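Trainee: I'd like to ask some things about the structure below.
Numbering (my numbering), first residue to last: 266 to 607.
Now the structure itself:
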């Protein structure tokens with residue numbers, strides 16, 4: 266099969282579109298013929314190399330994907346050949362204390378497709394039956410591929426961790442990325458008021474067209490001051506911060522007393538300056554979150570099928586053009602997800 270992969274870490278010169286062996290079917294696993302996959306910033310980080318992470322090479326990139334069941338292994342009961350399926354990238358052991366509590370993203374042996382093990386940017390993929398769900402009938406392969414990881418992540422962040430309520434004010438840093446645009450959709454669906462930021466006026470306009478109530482170009486204005494003015498000096502109930510070092514102190518300053526800051530990543534760096542006094546003075550909650558459990562994944566897919574949530578697709582590339590797609594993502598000009606078609 267053809268796959269988009271690396272054989273060693275480095276810059277984007279290391280990415281390859283090559284022929285590799287087909288994956289072998291196993292018991293309780295399913296072979297999926299990939300019809301679409303989608304990029305994440307994780308793909309860029311894996312190319313460069315993650316600290317302490319030794320990968321078996323060649324390593325196929327990609328965490329998001331959707332396709333058609335081509336073959337089922339012994340013991341598979343939920344799927345048949347020909348089913349349209351979308352992929353949950355969270356690989357858990359099913360045996361540890363967290364898996365037994367149905368907290369699969371806390372599994373002590375957690376692996377993520379495309380990060381620890383080879384992923385979705387290929388013509389085929391074999392993975393456990395538990396990591397597949399059927400695509401709703403009205404949803405395309407491209408939409409399904411663009412939806413999974415970012416929406417399950419944003420859904421858990423906002424509903425399970427931050428416990429968003431209708432009427433909450435929510436600030437989302439860096440609108441235009443996959444998680445941030447998913448978070449905007451979820452905030453509006455759940456009745457929140459959405460504040461977003463970007464360095465791009467074009468992205469801010471698109472966010473407003475998608476329901477954002479307020480948008481701020483952080484290169485042109487004091488975002489914290491603007492938010493405090495709009496909220497009557499109260500601040501926001503929830504801050505969604507996947508940017509990290511560049512925005513962390515802003516997040517602390519704009520959170521209301523008793524507010525919550527929820528993070529799933531740190532695209533600008535993982536070691537921010539922290540104004541600890543703001544945390545204890547204002548009784549702030551700092552909440553970590555990553556991916557979701559299977560119940561949350563199924564919940565958000567149901568909303569996709571009902572048309573209440575929808576993935577935002579920025580651009581499509583052929584799988585053979587994967588390097589160009591990564592270059593596009595690296596420039597941070599996208600709004601929504603970048604999709605690859607085998």
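Note that beta-carbon positions come from the ideal geometry of N, C-alpha and C, so glycine has one too.
Fair warning: this is a prediction, and the values are worked out from it, not measured in the lab.
Does the Cβ of residue 548 have 16 or more other Cβ atoms within 10 Å, making it buried, or fewer, making it exposed?
Mentor: Classification for residue 548: exposed.
Trainee: Give me the residue from 266, 283 and 305 with the minimum Cα distance to residue 595.
Mentor: If we check each option's Cα against that of residue 595, 305 comes out closest.
Trainee: Does the beta-carbon of residue 398 have 16 or more other beta-carbons within 10 angstroms, so that it is buried, or is it exposed?
Mentor: Counting Cβ neighbours within 10 Å, residue 398 comes out buried, since at least 16 surround it.
Trainee: Do the CB positions of residue 346 and residue 297 come within less than 8 Å of each other?
Mentor: Not in contact: residue 346 and residue 297 (Cβ atoms no closer than 8 Å).
Trainee: Check residue 321 in the structure and name its three-state DSSP category.
Mentor: Three-state result, residue 321: coil.
Trainee: From which residue to which residue does the beta strand (DSSP E) around residue 519 run?
Mentor: Residue 519 -> not in any beta strand (DSSP E); alpha helix (DSSP H) instead, spanning 513-519.
Trainee: Assuming residue 386 contacts residue 293 (C-beta within less than 8 Å), just tell me the rounded distance between them.
Mentor: 24 Å between Cβ atoms; not a contact.
Trainee: Looking only at DSSP bridge pairs, what is residue 481 linked to?
Mentor: Residue 481 pairs with 462.
Trainee: Going straight from the alpha carbon of residue 414 to that of residue 328, what length do you get?
Mentor: Taking the straight line joining both Cα atoms gives about 7 Å.
Trainee: Whose C-alpha, out of 432, 441, 433 and 449, is nearest the C-alpha of residue 419?
Mentor: Minimum Cα distance to residue 419 is reached at 449.
Trainee: When burial is assigned at 16 or more other CB atoms within 10 Å of the CB, is residue 353 buried or exposed?
Mentor: When all chains shown are included, residue 353 counts as buried.
Trainee: I need the straight-line Cα distance from residue 587 to residue 407, nearest angstrom please.
Mentor: C-alpha separation (whole angstroms): 15 Å.
Trainee: Per the DSSP calculation, residue 268 is bridged to which residue(s)?
Mentor: Bridge partners of residue 268: 283 and 387.
Trainee: Can you tell me the Cβ-Cβ gap for residue 309 and residue 591, rounded? I've got them flagged as a contact below 8 Å.
Mentor: With 8 Å as the limit, residue 309 and residue 591 qualify as a contact, their Cβ atoms being about 6 Å apart.
Trainee: Can the beta-carbon of residue 476 be found less than 8 Å from the beta-carbon of residue 462?
Mentor: No, these two residues do not count as a Cβ contact at 8 Å.
Trainee: By DSSP's criteria, residue 580 is part of a beta bridge. Which residues make up the other side?
Mentor: For residue 580, which the question treats as bridged, DSSP gives the partners 603.
Trainee: CA-CA distance, residue 584 and residue 300?
Mentor: Taking the straight line joining both Cα atoms gives about 10 Å.
Trainee: Below 8 Å, how does it come out for the stretch 419-433 and the stretch 442-460: are there three or more Cβ pairs, yes or no?
Mentor: Judged by Cβ distances under 8 Å, the stretch 419-433 makes contact with the stretch 442-460, as three or more pairs qualify.
Trainee: So residue 493 is in the beta strand (DSSP E); what residue range does that whole segment cover?
Mentor: Counting along the chain, residue 493 falls outside any beta strand (DSSP E), though it belongs to the alpha helix (DSSP H) covering 488-495.
Trainee: Taking three-plus beta-carbon pairs below 8 Å as touching, is the stretch 365-374 in contact with the stretch 425-434?
Mentor: Touching, no.
Trainee: Beta-carbon separation of residue 350 and residue 332 under 8 Å?
Mentor: Cβ atoms of residue 350 and residue 332: closer than 8 Å.
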